[in-house]
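**Q** Mapped onto UniProt numbering, the consecutive letters of the sequence shown carry residue numbers 1 to 1235.
Every residue gets a Cβ at the ideal spot worked out from N, C-alpha and C, and that includes glycine.
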Amino acid sequence: MEGVSAAASVFGVIQLAGSIVKLCGGYLQETKNAREDIIALQRSITGLEGTVQKLFEFLQGPHAIKFPTCSLLVNNVSDCLSDLGALENKINPGRGKSMMRRFGVRAFKWPLKRTEVDRIIQGLERYKSSFTLSLQIDQTTLLTSVAWSADLIPQRLGVDELPIVAGAEFDSYMDQHEDECLPGTRTELLHHITEWAMSPQGIQKAISDDPNLASKSLKEQFDKLLLRPLLDFEPSTRHSPTTVIVIDALDECESDNDIRVIIQLLPQLRGPTTGHVRIFLTSRPDLPIRVGFSEIQNLDYQDLVLHDIPEAATARDISLFLNSRLSNIRKQRSLPAEWPSSADIKSLVNLSVPLFIFAATVCRVLEDPQWDPEESLTEILTHRGDRSQLDRTYLPVLNRVLNNQSEKQKAQLIQEFREILGTIVVLASPLPVYSLSTLTGLSENLIKRRLNSLHSVIRVPEIRETPLRPFHLSFRDFLLDPESRKKTSIWVDENQVHKNLATRCLIICYKLKRNICGLTSDGTLRSEIDPQIISNCLSPELQYSCRFWAQHLMQSHDPIPLIKDAFMFLQKHFLHWIEAMSILGLASELVRVVDLLQTMTLDEEDPEIPEFLHDAKRFILKTRQIAENAPLQIYCSGLVFAPRKSIIRKMFEGELPNYICSLPDVEDTWNAELQILEGHLDWVFSVTFSPDGQRIASGSSDNTIRLWDPVTGTLQQALEGHSDWVRSVAFSLNGRVLASGSSDNTVRLWDSATGTLQQTLEGHLGSVWSVAFSPDGCLLASGSFDETIRIWNPITGALQRTFAGLVGSIWSVAFSPNGKVLASGSRDNTVRLWDPITGDLQRTLESHLGSVWSVAFSPDGRKLASGSSDQTIRLWDPATGALLQILKGHQEGLRSVTFSHDSRVLASSDNEQIIRLWDSATGTLLQKFKGHSNSVWSLAFSPNGRILASGSYDQTVRIWDYAMNGLKQTLESRSGRLRSVAFSPDGRLLASCSDDYTVRLWDPITGDIKWNLKGHLDAVLLVAFSPNSQLLASGSIDQTVRLWDSSTGNLRQILEGHSDWPRSIVFSPDSELLASSFDDQTIRLWDTTTGSLLYKLEGHIDWLWSLAFSPDGRLLASGSGDRTVRLWDISTGTLQQTLEGHTDWVRSVSFSPDSSLLASGSYDQTVRLWDVTTGLFQRALEGHSSPVRSVTFSQDSRLLASGSSDQTPAACVIYVTNSSLPSNHCVDKLVRWKV
């Protein structure tokens, strides 16, 4: 297509889009039906029009000649023009004027159904994405054939095509031979259930026709499949008979969180508006079940525990069941009329009570044609003395498969049964026999033969494609119980099975290849792929292996050896694995799998694997959304837009399609932007993390709140209910309640797990701009355009207090960490500090020259930040009201300020689309994040301090790795072996020393070398900063210690006198003294100002490995190869105490911050605690399996960390009191920290 022709077609799209927007406006004025649909379509058309307008301007501009011809772009423009024309014809009422004359205004009716509107919008969004992609490729190059195909628009499936679990339906073929309740059994229980079901309050079950709901959140499925249809019923239909909804085996949910959500959703089906319904739920009383019901204990529900049913009733029912089943077995197997005896039946009944599982298993054993029923019954009754019912149930079954076998046959059978049964019970998801054969390496016929003797405990289906599974989960529990090893040789080593499965899964995954389903185009949408093609190309065992190989690897006893196998697989098939997982609709699971692998490789000495996994995770985060929609795009858009130096891009460069004309200009490395969360239809005003960091909430001018998974980026829920813009969102302390403030003048409280609206707080007369919970969760503050602050009780919803009489609108409110102060930012240019309980104004902070849009306390409570439209951030002392700093650099008005979890970093944003990170102590600008295309209105740090979330007018939420780029550098000097590094206490400098005789001072933010400090005559082994950061000490093999001015790099002093190599240098707390120890077995105390030697401390008879000053500055501790710790008085240089007890070198000594305790770590693999005052030994901390090389206390003296070459540092709690010895216990093994 010529440039002029292209421009003409694009202009046609613009004209049609404008016409349709006007038509939609007319419908909005003339009709009342389908307003939401009309508005949604109008917005989508407007968005498309804006994108196409940019494309048109580019084609008309001076660079159009460089824009290469792309057939797919041409086709998309043409198809878009055609679709818009068809849409205009369908909604243009002009053709219906004669009808209107006949029938009046009522003929002016919106002609599209909601399903049609949804389908049209999906198509429009694909066109928009295609055109945007064309514009993004540096506007000078064009990637051909990478935009999604737009001529096939996904159609909604019927309700009958919703995915179901095979065999799960009532009266299924699979269950046709299963036991049912016999007449006359369970009469009391059935009567109880019937009485409960038919009592008042109920509904009828209804299901909507949205097939996509199967992949949506539980809340959305519940709302659309149950709650909304029930609420929409006409009143007359609510007098129908009671309907009982059955939820069986809730404890078998994959996720414990899903259990809690389901339990919390169910009470919404109560009440007169939802008809006559009862929920019948069965489950084992596992912890998640008990916790879930404890959270709704104030609601009306009934418990019925099978174990609590009177034993007489259960015994009677089991007796009836056994008599009936055994009678049938007697007839089928032609057994004597007296078989079994009354005494035997009575014994079986006694063995079975209180559960039916034993009786049912016994009957299946006796029915098995492989075995003689009389002999089987005799063997079963021999176990009547077993205490465990599981033993009585399963031991006879397992024991008999080994009867009458030679020792050699027995050994082979044991191995085969362990492998088969172990795989069946350990699988994360059941598989059919032929898949089990592939996973175990055993033939399908062999597995069937072995299972022939286990039909009583394993459900072996007649249909080949149906998965194998135990009849009851108790069989799995029995096989995996370590105690079973003492009872049967057919026990299962769970860890070994996981290891075997991980290995086999990785081998199976080598079958993956590019375009495994043979799709016709790289732009084929996943929704367009025939499920049968997926099943044919991705076998059940291959699907299973793709999903669970890492899970099995993690659960194996020693996963480290398998890591290298996994790495080899990923090096060859990483993109193929992403493709397969995306086709299966599991792209969101990829991030968690890589996270799992990263936790297993933190101690990996070879950096290649961790670096690969880091790059792999970034690649997945970048491409997940497009892979979910068009899986083959990972080879096109995914690789093309990956950074130039990305490991994945370089490793799989050969996968790039050969039709790509030229590559776009991209960054060299990954930037700080981790993910873009898209879904809002308008501006995003507010973002916040849940306290556990597991969710991000965002509020938007599309009137919704959305909950996201910050790890995978997937949308979990969309909360609807506000009738105007959502200005602010905030989680309660426990994360269970989410508050939202809106321009509809209300505050709403939501259950964050289920998304249900709990309360609507009314009272404000203007938009609610800000909401904040107090730290204890007892108060909720809201600031409004109506110039008031209101304090609410979030539990009852009652208004506690109103702060009125303010001069300007309240844009922001925030509680101090201790909850005693409430800060507010206002339109009157001030920050005000309030007592939230009394409502008293404590202080007014005046200095800003414009509206204060955001206020935030630092988590340590020492600072209050305020961001204003005067383009500045001010840091205040909230205790005194003093202005501490003014941070300048923004070119637009501030919109948001927030502190990191450790209070060290302050993030800010403005209308300039840039996020800035500041050092909160010095006010230094650390980093700028760019990526948003419009104003950034909200920022939030995750509780773990690793990521930053931002919400913008560009309708997106973005997640940033705030610890990378400017805050994390690779400092290279190529100067020989690096010996030691140290940060200055103020964090502004990093010192390093090496074998090239040089000390280097770095800027840790920029990575630049500030000073090369030269003067030493041999390798420099040690560096240490003074506590005031003004001096740097370096110790060298040249037998000197040198003192440098850290601000200028000038040499201040040369301290001479030692002989041999240096081992330790340390400054006193006031920076006035320096202690040094060398291999000459002496310690020297120096005056750092004059460089004069004050004392030479002698007494140790071996190398001195470690020195430490007490925080109060009175003592110096030394640890030596002579197995002792010595305490010295630094004012006199005299020896105070010699602490003996270690049996090997003492490598590290450390004082507690209160100077009362001293810890010492030794090559004898122990840490010892000593009373500093008396020198008495307090306690030995044992647990390391290698020499302890380092010990240090936490700031509150309660924690002690110890590092060892056994690669399992242990942290132990030290409880210190004035009157008793400290007690200790190991709280964690930090296998993730490499010493």
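How big is the Cα-Cα spacing for D860 and S903?
**A** Residue mapping note: residue 860 aligns to position 860 of the sequence shown, counting from 1. Residue mapping note: residue 903 aligns to position 903 of the sequence shown, counting from 1. D860 and S903: Cα-Cα distance of roughly 6 Å.
**Q** Tell me the rounded alpha-carbon separation between G654 and V594.
**A** The count along the sequence shown starts at 1 and reaches residue 654 at position 654. The count along the sequence shown starts at 1 and reaches residue 594 at position 594. Approximately 23 Å, taken between the alpha carbons.
**Q** Just curious, the beta strand (DSSP E) that E611 is in, first and last residue?
**A** Position 611 of the sequence shown, counted from the first residue, corresponds to residue 611. Here E611 belongs to no beta strand (DSSP E); instead the alpha helix (DSSP H) covers 608-629.
**Q** What does DSSP give as the partner residue(s) for C993 in the beta ladder?
**A** Locating residue 993 in the sequence shown gives position 993, where the first residue counts as 1. In DSSP, C993 forms a bridge with S980, V999.
**Q** Following the continuous alpha helix (DSSP H) through V640, name the residue where it begins and the one where it ends.
**A** Indexing the sequence shown from 1 puts residue 640 at position 640. That run of the alpha helix (DSSP H) goes 637-640.
**Q** Looking at A907 and L864, is the spacing between their C-beta atoms short of 9 Å?
**A** Taking the first residue of the sequence shown as 1, we reach residue 864 at position 864. Taking the first residue of the sequence shown as 1, we reach residue 907 at position 907. No, they are not a contact pair.
**Q** Could you say if the stretch 1169-1181 and the stretch 1132-1144 meet the contact criterion of at least three C-beta pairs nearer than 8 Å?
**A** yes
**Q** Please report the straight-line C-alpha distance between I1130 and W1170, rounded to a whole angstrom.
**A** As a first step, residue 1130 is located in the sequence shown; it is residue number 1130 there, counting from the start. As a first step, residue 1170 is located in the sequence shown; it is residue number 1170 there, counting from the start. So the alpha carbons of these two residues sit roughly 19 Å apart.
**Q** Which one of V1125, T1166, R1189 has the shortest CA to CA distance from R1147?
**A** Translated into positions along the sequence shown, residue 1147 becomes position 1147. Considering only alpha carbons, the answer is R1189.
**Q** For E653, does the three-state DSSP call read helix, strand or coil?
**A** Position 653 of the sequence shown, counting from 1, holds the residue named residue 653. E653 falls in the helix class under three-state DSSP.
**Q** Relative to the alpha-carbon of Y997, which residue among Q842, H1016, T788, S782 has its alpha-carbon at the smallest distance?
**A** Against the sequence shown, residue 997 aligns to sequence position 997. Answer by Cα proximity: H1016.
**Q** Near A856, what residues of its chain come up, given a Cβ to Cβ distance below 7 Å and the 5 sequence neighbours on each side ignored?
**A** Translated into the one-based positions of the sequence shown, residue 856 becomes position 856. Closer than 7 Å at Cβ, skipping near neighbours: A814, A865, V897, T898, F899.
**Q** Do you know whose CA, among W371, D317, S341, lies nearest F356's CA?
**A** On the sequence shown, residue 356 is found 356 positions in, with the first residue counted as 1. Out of W371, D317, S341, D317 has the C-alpha closest to the C-alpha of F356.
**Q** To which residues of the same chain is S19 closer than 7 Å at the C-beta, ignoring the five residues directly before and after it?
**A** Position 19 of the sequence shown, counted from the first residue, corresponds to residue 19. Within the same chain, S19 has close Cβ partners E88.
**Q** I'd like to check one pair, L584 with R547: are the Cβ atoms closer than 9 Å?
**A** Looking up residue 547 in the sequence shown gives position 547. Looking up residue 584 in the sequence shown gives position 584. Their beta carbons are under 9 Å apart, which means R547 touches L584 by this criterion.
**Q** What does a CB cutoff of less than 7 Å around L1051 pick up in its chain, not counting 5 residues either side in sequence?
**A** Translated into the one-based positions of the sequence shown, residue 1051 becomes position 1051. Here the set comprises G1015, R1042, W1044.
**Q** For Y1095, which residues in the same chain have their Cβ closer than 6 Å to its Cβ, ignoring the five residues on either side in sequence?
**A** Locating residue 1095 in the sequence shown gives position 1095, where the first residue counts as 1. If we look at Y1095 and ignore the five residues flanking it on each side, its Cβ neighbours are L1085, G1133.
**Q** If you measure between the beta carbons of I647 and E611, is that distance less than 9 Å?
**A** Taking the first residue of the sequence shown as 1, we reach residue 647 at position 647. Taking the first residue of the sequence shown as 1, we reach residue 611 at position 611. Yes.
**Q** Suppose the cutoff is 8 Å on Cβ atoms and the five residues either side in sequence are ignored; what does the same chain contact list for S1029 look like?
**A** In the sequence shown, residue 1029 corresponds to position 1029, counting from 1. Cβ within range, chain order: S984, P985, D986, R988, L989, S1046.
**Q** To which residues does DSSP link K888 through a beta bridge?
**A** As a working note, residue 888 is residue 888 in the sequence shown. Answer is T872.
**Q** Restricting to Cα atoms, I'd like to know which of S938, V747, N658 is closest to S698.
**A** In the sequence shown, residue 698 corresponds to position 698, counting from 1. Ranked by Cα distance from S698, the first of S938, V747, N658 is S938.
**Q** Under a Cβ-count criterion, where at least 16 other Cβ atoms within 10 Å of its own Cβ denotes burial, should F929 be classed as buried or exposed?
**A** For the purposes of this step, residue 929 is taken as the residue at position 929 of the sequence shown. Buried is the call here.
**Q** Alpha carbons only, please: which of P1153, H1184, D1154 is nearest the one belonging to G1161?
**A** Position 1161 of the sequence shown, counted from the start, is the residue given in the question as residue 1161. Looking at the Cα atoms, H1184 is the closest of the given residues.
**Q** Once the 5 residues before and after N495 are set aside, which same chain residues still bring their CB inside 8 Å of it?
**A** Translated into positions along the sequence shown, residue 495 becomes position 495. These residues qualify, in order along the chain: Q555, S556, H557.
**Q** If you drop the 5 nearest sequence neighbours on each side, which residues of the same chain put their C-beta closer than 7 Å to that of S1059?
**A** Within the sequence shown, numbered from 1, the residue matching residue 1059 stands at position 1059. Within the same chain, S1059 has close Cβ partners Q1039, F1078, D1080.
**Q** Hey, A315 and V349 are a contact pair by Cβ (cut 8 Å); roughly how many whole angstroms apart?
**A** Sequence index remark: in the sequence shown, residue 315 carries index 315 (1-based). Sequence index remark: in the sequence shown, residue 349 carries index 349 (1-based). That belief holds up - the Cβ atoms of A315 and V349 are roughly 6 Å apart, short of 8 Å.
**Q** Go ahead and label G441 buried or exposed: buried means 16 or more other beta carbons lie within 10 angstroms of its beta carbon, across all protein chains shown.
**A** Reading the sequence shown from its first residue, position 441 is the one you call residue 441. Result: exposed.
**Q** How is the beta strand (DSSP E) around W1128 delimited, first residue to last?
**A** Counting from 1 along the sequence shown, the entry for residue 1128 is found at position 1128. It spans 1124-1129 - the beta strand (DSSP E) in which W1128 sits, taken as one unbroken run.
**Q** For A823 versus P878, is the C-beta distance shorter than 9 Å?
**A** Within the sequence shown, residue 823 is the residue found at index 823, counting from 1. Within the sequence shown, residue 878 is the residue found at index 878, counting from 1. It is a contact, given that the beta carbons lie within the stated cut-off.
**Q** Could you say if the stretch 473-482 and the stretch 416-428 meet the contact criterion of at least three C-beta pairs nearer than 8 Å?
**A** yes
**Q** Quick check on DSSP: helix, strand or coil for I914?
**A** Taking the sequence shown and counting its residues from 1, one reaches residue 914 at position 914. In the structure shown, I914 sits in a strand (DSSP, three-state: E or B).
**Q** Please state whether the Cβ-Cβ distance between N33 and K109 is less than 9 Å.
**A** As a position in the sequence shown, residue 33 is number 33, starting the count at 1. As a position in the sequence shown, residue 109 is number 109, starting the count at 1. Cβ atoms of N33 and K109: closer than 9 Å.
**Q** Measuring only the C-alpha atoms, how far is S535 from A580?
**A** One-based indexing of the sequence shown puts residue 535 at position 535. One-based indexing of the sequence shown puts residue 580 at position 580. Their Cα atoms are separated by approximately 12 Å.
**Q** If we ignore side chains and look at the alpha-carbon of each, how far apart do I262 and E541 end up?
**A** Along the sequence shown, one-based indexing puts residue 262 at 262. Along the sequence shown, one-based indexing puts residue 541 at 541. Whole-angstrom Cα-Cα distance: 30 Å.
**Q** Would you mind reading off the limits of the alpha helix (DSSP H) that contains G422?
**A** Working through the sequence shown from its first residue, we reach residue 422 at position 422. DSSP places G422 inside the alpha helix (DSSP H), whose first and last residues are 407-426.
**Q** Kindly indicate which three-state DSSP category Y27 falls into: helix, strand or coil?
**A** Against the sequence shown, residue 27 aligns to sequence position 27. For Y27, the secondary structure class from DSSP, reduced to helix, strand or coil, is helix.
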